[in-house]
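Structure record follows, encoded as structure tokens.
2 protein chains.
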Amino acid sequence: MSSEESLRAAALRVTRPRLALLEAVREHPHADTESLIGAVRSELPGVSHQAVYDSLRALTSAGLVRRIQPSGSVARYETRVGDNHHHVVCRSCGAIADVDCATGETPCLTASPTQGFTIDEAEVIFWGTCPECSAQPATEGTP
Amino acid sequence: MSSEESLRAAALRVTRPRLALLEAVREHPHADTESLIGAVRSELPGVSHQAVYDSLRALTSAGLVRRIQPSGSVARYETRVGDNHHHVVCRSCGAIADVDCATGETPCLTASPTQGFTIDEAEVIFWGTCPECSAQPATEGTP
DNA sequence: AATTAAAACTTGACTCACTCAAGAAAAGGG
DNA sequence: CCCTTTTCTTGAGTGAGTCAAGTTTTAATT
Numbered sequence: 051m052s053s054e055e056s057l058r059a060a061a062l063r064v065t066r067p068r069l070a071l072l073e074a075v076r077e078h079p080h081a082d083t084e085s086l087i088g089a090v091r092s093e094l095p096g097v098s099h100q101a102v103y104d105s106l107r108a109l110t111s112a113g114l115v116r117r118i119q120p121s122g123s124v125a126r127y128e129t130r131v132g133d134n135h136h137h138v139v140c141r142s143c144g145a146i147a148d149v150d151c152a153t154g155e156t157p158c159l160t161a162s163p164t165q166g167f168t169i170d171e172a173e174v175i176f177w178g179t180c181p182e183c184s185a186q187p188a189t190e191g192t193p
Numbered sequence: 051m052s053s054e055e056s057l058r059a060a061a062l063r064v065t066r067p068r069l070a071l072l073e074a075v076r077e078h079p080h081a082d083t084e085s086l087i088g089a090v091r092s093e094l095p096g097v098s099h100q101a102v103y104d105s106l107r108a109l110t111s112a113g114l115v116r117r118i119q120p121s122g123s124v125a126r127y128e129t130r131v132g133d134n135h136h137h138v139v140c141r142s143c144g145a146i147a148d149v150d151c152a153t154g155e156t157p158c159l160t161a162s163p164t165q166g167f168t169i170d171e172a173e174v175i176f177w178g179t180c181p182e183c184s185a186q187p188a189t190e191g192t193p
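Read top to bottom, the protein sequences are chains Y and A. Mind the numbering: the first sequence is residues 51 to 193 in my numbering, read in order. Mind the numbering: the second sequence is residues 51 to 193 in my numbering, read in order.
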């Protein structure tokens with residue numbers, strides 16, 4: 051499905067900034083807003099940062115992109131939506147990768163008492179160390 | 051264990067700002083920094099915001115408090131540490147409650163391929179609606 | 001009790017992701 | 001093509017959090 055079709059299917063107006071943005075998010079999963087502004091401008095110079103912020107919000111609430119924001123990070127976006135996948139974040143360098151949920155079900159969704167809350171989503175973030183940072187002895191934490 | 055004992059046990063210097071802060075976090079689980087500054091100052095007027103930020107960092111990295119930050123929220127803190135509990139966040143009003151992991155194990159921790167990452171923690175945030183907001187028809191905002 | 005080095009605190013400026021607001025441009029149904 | 005609505009541009013503003021320099025406090029040592 052092309053970006054234009056995706057936008058129309060979501061009843062969103064098709065504009066060049068939005069097309070460029072959706073392409074950029076597709077090509078750079080987990081990119082932050084700053085990077086996406088850069089990517090959009092490489093194709094469409096002169097697009098305002100506000101247009102990108104507005105479009106990201108529109109795309110997110112239309113369900114075309116998903117926004118993630120691990121603690122200590124700025125907002126990041128991806129086009130992989132509608133499945134139940136989660137993320138691993140490297141504590142050392144901040145790298146993010148996708149992780150499929152093994153069971154295909156939302157973990158712990160129904161098993162615990164939830165204080166009367168009605169739950170509609172379980173978001174899981176795994177924290178650890180990426181292969182590259184694992185390979186390096188100790189570039190940080192030196193006393 | 052008193053706050054003073056907790057600080058000493060963690061090899062942290064015992065200062066009045068830290069004591070007041072640790073008490074404040076104990077008394078107000080999931081409070082944000084702003085609220086904690088207020089709580090500390092109610093007991094110790096004149097404490098700088100920077101002292102609270104510094105102390106929160108020290109307490110967090112010593113493992114005496116845990117920092118949580120759901121998307122779209124500022125940082126929040128709690129003293130319940132060392133167990134494997136998670137959080138429910140209300141999409142409507144932002145209320146946060148604790149949720150025990152039903153199995154006592156970290157969900158999905160070992161089940162999925164993790165792209166070579168070494169995982170040390172799985173953080174789960176449940177999104178939904180709190181009892182109060184569920185009861186109200188569709189009136190957005192605080193009454 | 002006095003000394004001292006390191007850690008913590010105060011003060012105030014600053015950063016940066018993100019938002020707000022007003023007017024200009026464009027999308028798309030008539 | 002025209003018109004209404006939505007979106008984009010421009011530029012200022014917000015606020016949680018950080019940085020840096022200098023002073024005070026802690027607690028180990030004398």
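Glycine included, each C-beta is placed from N, C-alpha and C at the ideal position. Since we're looking at a predicted model, the values are computed, not measured.
Query, Result
"Spatial neighbours of W177 (chain Y) within its chain, please: CB distance less than 7 Å, with the 5 preceding and 5 following residues excluded, ordered by chain position.", "V139, R141"
"Starting from the C-beta of E73 (chain A), find all residues in its chain whose C-beta is less than 7 Å away, skip the five residues before and the five after it, and write them out in chain order.", "S53"
"Is the Cβ of P181 (chain Y) closer than 8 Å to any Cβ of chain A?", "yes"
"Let me know the secondary structure DSSP gives C140 (chain Y) once reduced to three states.", "strand"
"CA-CA distance, D170 (chain Y) and A147 (chain A)?", "15 Å"
"Quick one: using the 10 Å Cβ neighbour count with 16 as the cut-off for buried, is A70 (chain A) buried or exposed?", "buried"
"Quick one: give me the first and last residue of the beta strand (DSSP E) that V174 (chain Y) is part of.", "168-179"
"For S121 (chain Y) and chain A, any beta-carbon pair shorter than 8 Å?", "yes"
"Measuring straight from C-alpha to C-alpha, what distance separates V115 (chain Y) and C183 (chain A)?", "27 Å"
"If you check the beta carbons only, do R126 (chain Y) and D82 (chain Y) fall under 8 Å apart?", "yes"
"Roughly how many angstroms separate the alpha carbons of P79 (chain A) and H137 (chain A), rounded to a whole number?", "12 Å"
"What is the rounded straight-line gap between the Cα of V149 (chain A) and the Cα of E128 (chain A)?", "13 Å"
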